[in-house]
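Heads up: the structure comes next, in structure tokens.
In UniProt numbering, the protein residues as written are 1 to 117.
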């Protein structure tokens with residue numbers, strides 16, 4: 001995917017002091033990452049550090065990839081131990097998929113069939 005160059009005439013707004021700046025896909029200006037309760041999605045806002053995008057099914061993602069169409073949630077604080085415990089129970093219950101794993105200290109969802117080892 002390539003983006004159109006930003007016009008030099010674009011006037012970007014000043015961000016508040018409590019803002020964690022980010023840019024959306026092809027955005028020209030910085031904007032604030034989502035705080036608790038903000039809507040997040042693949043082309044929408046990303047969540048502030050320490051928060052995860054959680055959808056209505058309870059799937060939590062540290063970063064919603066651009067090609068994860070249809071994933072929409074709200075920025076929430078997530079208890080890592082609780083998230084991983086729920087994921088393992090789901091895996092043991094139906095052996096269909098593992099909903100989270102830890103990568104670099106953050107829970108990341110895995111939307112693929114679980115494999116037995």
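Note that CB positions come from ideal geometry on N, CA and C, so glycine has one too.
The structure displayed is predicted, hence computed values, not measured ones.
Quick one: any contact between the region 34-46 and the region 69-81, if contact means 3 or more CB pairs under 8 Å? yes
Going by DSSP, what residues sit across from residue 52 in a beta bridge? 76
Looking at residue 81: is its Cβ nearer than 8 Å to the Cβ of residue 36? no
Assigned secondary structure, residue 81 (DSSP; H/G/I helix, E/B strand, else coil): helix
In chain order, what residues of the same chain lie with their CB nearer than 8 Å to the CB of residue 49, ignoring the 5 residues before and after it? 20, 33
Hey, how far is the Cα of residue 22 from the Cα of residue 4? 18 Å
Option in 45, 46, 65, 11 with minimal Cα separation from residue 29: 11
Smallest Cα separation from residue 65: which of 31, 57, 25? 25
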